[in-house]
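Sequence order for the protein chains is U and B.
Going from the first sequence to this note's numbering is simple: count from 1 and add 12.
Going from the second sequence to this note's numbering is simple: count from 1 and add 51.
The beta carbon of each residue, even a glycine, is placed where N, CA and C say it ideally should be.
Only a predicted model underlies this, so the values are computations on that prediction, with no experimental measurement involved.
Quick notes on the structure that follows.
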Amino acid sequence: MKALCWNGASSVTCETVPDPRLINPHDAIVRVTLSSVNGADLHLLDGHIPSMKAGDIIGREFIGEVVDRGRDVQKIQVGQRVVVSSIIGCGHCYHCQTGDYSLCDNTNPNEDILDEAFGFATCGIFGYSAAFGGYAGSHAQYVRVPFADLGCTPVPDGLSNESALFVSDAFPTGFMAADMCEIQPGHVVAVWGAGGVGQMAIQSAFHLGADRVIVIDQVPSRLKEAALRSRVEVLNYDEVDVHEALKELTGGRGPDSCIDAVGADGRGATVLRQAIHSCRKGGTVSVVGVYGGLVDKFPMGAAMNKGLRFRMGQVHGPRYVSRLLKMIEKGEADPSFLLTHTLSLREGAEGYKMFKSKSDNCMRVVFDPWLEPTLH
Amino acid sequence: MLSALETRTVPERVINEVEVNAIERRVALAAASVCATVALQSKSWLARIAFGASAVVAGLRASRAKIAIRPLELTTATCVTDLQRTVTIYGSLAAVELYFLDEPPSLDITFTFRPRASGSETEVQGRVVRWPEGLSRVSADRELRRILKRAKQMIEAGEVARTDARVHGVRTAGVLSGVLG
């Protein structure tokens, strides 16, 4: 099959690799229909995630059709169209039983690496380095999905692939960010990052009852898109002092909740520091942007003395998938606008370049593994 | 409230470790190689015969060393009672115990089971009571952790997580056509 492989920092190539096969009884093989780039992939491409190996297939956000299943898979049938959660949970351990699927005990075969780095290993993630299990990613024609009964969710007939695709990662991540804020009537939520996850966090915050949502970014097209989709207020951090602007917009109090939908970027943890600084006293900082290792100059004094509450984590996908599919079915949300470009796997490098530079108003590049190249 | 500790010990199994005397084999092979080289390069027939014969003798020694077997008897085992690991398994005491009794591991390990207060979880402590001399503590610890991890995954999830490294692409870097900007 064809797959998009990581070959080192800033290098991806489309290669022919062996097809995946069923290994365990709870596995399914999914024929990928669409696979989206993801902000977390940029950490791989920037070389910030250790334990990547040249040749690793990347990609974690996808939708497809089940073409084979292991003997112990019961809920999923061959031929079903399914959206697959980006994180891999077993569904049975203590953490999965409490709904914290990304903290699963049983799906990371290389747990020694994270045991050493984090104290405890977390779950396996598709296409996200040996430390997170070494699972092959979704930028491929086929993917092996472990614990398919939990990871695969059938897509209702009425939904398009483009709408359901982002229920794999971006939508539940944004929703979880808002959910962790425990929004109350009258609350003001500030969201850093107007990319895929940030856009979904905005919609989710309104859905969960936020009175006002303020989004902070520097890309005019993304701010414009956010404003088009909801009554969100926008701040361009290139143009204003974010802290002062947020203070002014909230009557001097500060936002009740601050969502970091950016994570570690080239400048370290700028957003996290800004969120802690701007959050109201006793407020909540909700972090869903991905951090890989240590953060320099973390303002612990501000966080402690202001009595902030921190919530964070990789997305607990299966906790939200069914609920979000229903929201889309009812017309309460439609993430399909995130898809701005559809490319073939052979255009992988161009796709990531476009995604990283946010050129051509790019929000999300999605790969169709069966498509022939269209660029050039 | 935690109930009283209950201990089960798995049956002993004699460990016969096949050990190749690698150092002896390497020395013999090196000697054979040197003798053969000297024999081939020598101008004297006498030297050629002498070094050739030495090469053959060293080669035979190497081949014998290759199949040397030194069984490790339990009588040579050392006690490592301080080596222990604990794992919490999401499952009832009965279910967890049953797994360990049904599938005794290959080591001489004592397992202690303790139900947690919730009733839905069980703590299993594995203790290596004896470990053959000549094998490191690191390997004993690794084996103990492997057994506990495998048991946890089998009991909780019904399988042991694995990846298929074969699926990934060629493990070489530097394909310039795919370089981003």
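Inter-residue spacing [alpha-carbon to alpha-carbon] between residue i and residue j
i, j, result
"U/Q326", "U/A133", "13 Å"
"U/G71", "U/I137", "10 Å"
"U/D161", "U/K342", "25 Å"
"U/Y364", "U/R358", "12 Å"
"U/L235", "U/V246", "6 Å"
"U/G191", "U/S334", "According to the sequence shown, residue 191 of chain U is Asp rather than Gly. Taking the straight line from one Cα to the other gives about 15 Å."
"B/S105", "B/S93", "14 Å"
"U/P32", "U/E237", "38 Å"
"B/T127", "B/W182", "Low confidence applies to B/T127: its pLDDT is 47, below 50, so where it sits in the model is not reliable enough to give any reading."
"U/C164", "U/S98", "10 Å"
"U/V300", "U/I271", "8 Å"
"U/A152", "U/F178", "17 Å"
"U/G82", "U/G263", "58 Å"
"U/F187", "U/M212", "6 Å"
"B/G170", "B/I140", "11 Å"
"B/L97", "B/R188", "53 Å"
"U/A129", "U/A142", "13 Å"
"B/D159", "B/L195", "10 Å"
"U/E174", "U/P347", "8 Å"
"U/M339", "U/V201", "21 Å"
"B/Y150", "B/G142", "11 Å"
"B/R193", "U/S369", "45 Å"
"B/G209", "U/I35", "13 Å"
"U/Y154", "U/G210", "29 Å"
"B/A202", "B/V89", "58 Å"
"U/C193", "B/V180", "50 Å"
"B/I206", "U/A239", "50 Å"
"U/P147", "B/D215", "First, the amino acid is wrong: residue 147 of chain U is Tyr here, not Pro. Going by the C-alpha atoms only, they are around 7 Å apart."
"B/V85", "B/G110", "11 Å"
"U/D84", "B/T173", "25 Å"
"B/F164", "B/L144", "7 Å"
"U/G295", "U/R321", "6 Å"
"B/E124", "U/V42", "Confidence is the limiting factor: at B/E124 the pLDDT is only 41, short of 50, which leaves the residue's position unreliable and the question unanswerable from this model."
"U/A287", "B/G220", "40 Å"
When the options are compared against residue i, the one with the closest alpha-carbon
i, options, result
"U/A40", "U/P158, U/G208, U/F322, U/R358", "U/P158"
"U/H353", "U/G149, U/E251, U/L46, U/D308", "U/L46"
"U/G205", "U/L220, U/T262, U/L284", "U/L284"
"U/K14", "U/S23, U/V44, U/S22", "U/V44"
"U/V94", "U/G103, U/I75, U/T110, U/I100", "U/I75"
"U/D127", "U/D229, U/F144, U/K318, U/V377", "U/F144"
"U/Y249", "U/I226, U/D268, U/P267, U/S242", "U/I226"
"U/R323", "U/E384, U/G67, U/G221, U/T185", "U/T185"
"U/D223", "U/G208, U/Q196, U/Q86", "U/Q196"
"U/G198", "U/F183, U/G221, U/A176, U/G208", "U/G221"
"U/V377", "U/G207, U/V203, U/V42", "U/G207"
"B/T161", "B/G220, B/L134, B/G177", "B/G177"
"U/N392", "U/Y140, U/S180, U/S233", "For residue 392 of chain U there is no data in the structure shown, the boundaries of chain U being 13 and 388."
"U/V244", "U/R156, U/I228, U/E251, U/K87", "U/I228"
"U/S3", "U/A189, U/L261, U/H289", "With chain U covering only 13 through 388, there is no way to say anything about residue 3 of chain U."
"U/H104", "B/G220, B/V211, B/V218, B/H219", "B/V211"
Residues that DSSP places opposite residue i in a beta bridge
i, result
"U/E3", "Nothing about residue 3 of chain U can be read from this structure; chain U reaches only from 13 to 388."
"U/H248", "The sequence given here places Asn at residue 248 of chain U; His does not occur at that position. Paired residue(s): U/D229."
"U/T282", "According to DSSP, which records beta bridges pairwise, U/T282 is partnered with nothing at all."
"U/L355", "U/F379"
"U/D80", "U/I41"
"B/E172", "B/Y141"
Local Cβ density within 10 Å of residue i, reported as buried at 16 or more and exposed below that
i, result
"B/T58", "For B/T58, the pLDDT reaches just 40, beneath the cut-off of 50, and the residue's location in the model is therefore unreliable, although a value from the coordinates is still provided. By the neighbour-count rule (16 or more Cβ atoms within 10 Å), B/T58 is not buried but exposed."
"U/L350", "buried"
"B/R197", "exposed"
"B/E154", "exposed"
"U/K309", "exposed"
"U/E73", "buried"
"U/N50", "buried"
"U/R292", "buried"
"U/P168", "exposed"
"U/E256", "exposed"
"U/F379", "buried"
"U/R331", "buried"
"B/L152", "exposed"
"U/D268", "buried"
"B/L91", "exposed"
"B/R121", "Residue placement at B/R121 is flagged as unreliable, the pLDDT there being 39, under the threshold of 50; the coordinate-derived value follows with that caveat. Under this definition B/R121 is an exposed residue."
"B/T223", "Bear in mind that a pLDDT of 46 at B/T223, under 50, signals an unreliable position, so the model cannot answer this."
"U/D253", "exposed"
"U/N120", "buried"
Counting Cβ pairs closer than 8 Å, one from the segment 18-36 of chain U and one from the segment 48-61 of chain U, do we hit at least three? yes
The segment 365-375 of chain U touching the segment 213-222 of chain U, judged by at least three CB pairs closer than 8 Å: They do not touch, by the three-pair rule.
May I ask you to verify whether the segment 106-124 of chain U touches the segment 20-30 of chain U, counting CB pairs closer than 8 Å and requiring at least 3? no
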